[in-house]
Amino acid sequence: MTTHLWIDAGAGVAGDMLLGALVDAGAPLGGIQAAVDAVLPATVRLVATDATRAGLRACKVDVEVLATDQSDRRWSDIRGLLDSAPISEEVRTTALGVFALLARAEAHVHGVEVAEVHFHEVGAWDSIADVVGVAAAVHLLGITSVSAGPVALGSGTARTSHGVVGVPAPATLELATGWDVAPVGEGELTTPTGMALVRGLTDSCEGLPAMRITASGTGAGTRDVDGRANVTRVVIGELDAAGEVDLSGPTPQPLWVLEANVDDLDPRLWPGVLESLMAAGAADAWLTPILMKKGRPAHTVSVLCDGAHRAALREVVLTHTTTLGVREHSVDRVSLGRTWQSVTVRDEQVRVKVSLDADGNIVHATPEFEDVRAAAAATGAPARVVLAEATAAAHAARTGTGPTSTPATPEAPTLP
Ligand SMILES: O=C([S-])c1cc(C(=O)S)c[n+]([C@@H]2O[C@H](COP(=O)(O)O)[C@@H](O)[C@H]2O)c1
Ligand code: NI
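Going letter by letter, the sequence shown gives residues 0 to 415 in numbering that gives the first Met the number 0.
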């Protein structure tokens, strides 16, 4: 089951607006504050209040800064803060991905190298808190995929540390390249941080997808203007609305494969690279030994992922390996309908991944090996026997031909 987040930025998006919408949808403010505190100890306090925007109730999140801020930080300062903070790898990867996008956009519009980028407003503590807060909220809500609709950028001018700039601000425009834009509204409706959050969370620009909606939230922007509610909305739902088991048979799912050939990485680093890729949301990650030009032994690192995780995973490949580039191509994955089933083996619970055909018959039953290992350790039975018993119990439970739990001291069954 996929817990999907859809972002409605049709009236604009900024970091605090998206954070307000996620809090309104149920993300716990205490958990978000804890993640922000881990990056910026005793520096900012998040306060959520109800506000009204053009007659709509919305959640306004204010970031109260508790100390004097220098607000002019290099990209390397922010990377250092995020790299060393005791936060989950998912939150770190998302926040780093968003700031990497901001750094690239700033480098592009000012014509400097990424390493030379100085953030002004977007590097201030309140912006760091918005980015880390949104990353933490997404994680705390258990979101597994993200998409967003067209973004309203606004019009007119904005007063910034660069002076007065046209709207969309240069960095926002750069970040919006390749995204659909809704041509509505006056003023700076979308900020660089808001646009970077959208692009960092997803590559998928679409209308509200078909799903069973479980929550929604509305986040308030700073200004209240007549005729258009200055809000960002989020909608959260379960994408497989038909129920736990998808019996529609094999259906192609659009995914991405990211790849790079690498011949100069210390081989001891590869297991950690694969771990980081899986932690950052890869559906699968693997290495293939290859022979490169000049007869050099090397590896291709391959990552399978959905569009929502593509940008963050590209960043992991670029930062955790020595490659200078990543090849990306879209693929269709065709998979069997599947579900998880819990069976009892020798009084221990073992989860079994069950693949089903269009009639609901089991094609494969694969016990979760960590559960098998734990059950074997708890009961003293060989893991080989627990594995076979869990497989047999899953088949029996599905076909109704036997008990869902095996006896306490059975003979080891023959593997099906
Ligand atoms: O802070 C930086 S580097 C910055 C760059 C730019 C460019 O477009 S270049 C614009 N701004 C303006 O700062 C405020 C705040 O932005 P947030 O993303 O932190 O909400 C906004 O008006 C931007 O246009 C800042
Ligand atoms: Ni700038």
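Using N, Cα and C, we set each Cβ at its ideal position, and we do this for glycine too.
The structure displayed is predicted, hence computed values, not measured ones.
Residue i: which of the options sits nearest, CA to CA?
| i | options | result |
| --- | --- | --- |
| A279 | P288, L264 and C304 | C304 |
| E327 | F368, H161, D129 and A259 | A259 |
| H119 | V97, L95, G29 and W74 | W74 |
| S87 | G54, H138 and A106 | H138 |
| A219 | A395, A393 and T48 | T48 |
| R211 | H298, T192, V234 and H319 | V234 |
| G19 | V230, A94 and V97 | V230 |
| T322 | H298, T287 and D331 | H298 |
| G11 | A106, T318, T42 and P191 | P191 |
| T221 | V163, A53 and A281 | A53 |
| G177 | L196, S203 and G162 | S203 |
| D283 | V353, H308 and T318 | H308 |
| L81 | V97, T67, Q69 and A66 | V97 |
| P149 | L290, E205 and L172 | E205 |
| R379 | E347, P366 and T365 | Sequence inspection shows Gly at residue 379; the Arg mentioned does not correspond to that position. Minimum Cα distance to G379 is reached at E347. |
| V116 | R78, K59 and L355 | R78 |
| L335 | D262, G9 and S354 | S354 |
| S329 | P251, L264 and G9 | P251 |
| A26 | A281, L95 and T213 | T213 |
| D331 | L317, V349, V316 and G306 | G306 |
Taking its Cβ as the centre, do 16 or more other Cβ atoms sit within 10 Å of residue i, making it buried, or is it exposed?
| i | result |
| --- | --- |
| I127 | buried |
| D71 | exposed |
| V111 | exposed |
| T405 | In this predicted model, T405 has a pLDDT of only 35, less than 50, meaning its place in the structure is not dependable; the value taken from the coordinates is given anyway. Classification of T405: buried, given that the 10 Å Cβ count is 16 or more. |
| E274 | exposed |
| M194 | buried |
| R345 | buried |
| F431 | Past the boundaries of the shown model lies residue 431; the chain is included only from 0 to 415, so the question cannot be answered. |
| M16 | buried |
| V333 | exposed |
| V163 | exposed |
| H416 | Any answer about residue 416 is impossible in this case: the structure gives the chain only from 0 up to 415. |
| A377 | exposed |
| S146 | buried |
| G122 | buried |
| P366 | buried |
| V371 | buried |
| A209 | exposed |
| I6 | buried |
| K59 | buried |
| T390 | buried |
| G165 | exposed |
| A151 | buried |
Below 8 Å on the Cβ atoms is my guess for residue i versus residue j; work out the distance and round it to an integer in Å.
| i | j | result |
| --- | --- | --- |
| G153 | L188 | 3 Å |
| A311 | T143 | Actually they are not in contact, since the Cβ atoms of A311 and T143 sit about 13 Å apart, beyond 8 Å. |
| V43 | W124 | 5 Å |
| L276 | V325 | No, L276 and V325 are not in contact; Cβ-Cβ is about 12 Å, not under 8 Å. |
| A375 | V342 | Not a contact, Cβ separation roughly 14 Å. |
| R232 | G216 | 7 Å |
Alpha carbon to alpha carbon, what distance is there between residue j and residue i?
| i | j | result |
| --- | --- | --- |
| T159 | E314 | 29 Å |
| A50 | A57 | 5 Å |
| A34 | R91 | 10 Å |
| P167 | L268 | 42 Å |
| V180 | A84 | 35 Å |
| G199 | H363 | 36 Å |
| L4 | R295 | 44 Å |
| G29 | R103 | 32 Å |
| A393 | L254 | 30 Å |
| T2 | A135 | 15 Å |
| V113 | L100 | 10 Å |
| D61 | D129 | 9 Å |
| P40 | A66 | 11 Å |
| L386 | P270 | 26 Å |
| D36 | L45 | 10 Å |
| G171 | E185 | Per the sequence shown, the amino acid found at residue 171 is Thr instead of Gly. C-alpha separation (whole angstroms): 15 Å. |
| V384 | I361 | 21 Å |
| L207 | M291 | 45 Å |
| Q32 | S301 | 35 Å |
| G141 | V183 | 32 Å |
| H107 | T156 | 20 Å |
| A175 | D356 | 42 Å |
| L196 | E173 | 13 Å |
| P381 | V351 | 18 Å |
| L55 | T201 | 27 Å |
| G236 | G9 | 19 Å |
| D263 | W285 | 17 Å |
| A373 | A281 | 25 Å |
| D265 | K293 | 19 Å |
| G14 | P169 | 17 Å |
Sorry if obvious, but does the Cβ on residue i come closer than 8 Å to a heavy atom of ligand 3?
| i | result |
| --- | --- |
| T156 | Here the bound small molecules are ligand 1 and ligand 2; ligand 3 is not part of this structure. |
Pick out every residue whose C-beta is nearer than 7 Å to a heavy atom of ligand 2: which are they, in chain order?
E105, V108, H109, H119, H161, P169 and A170
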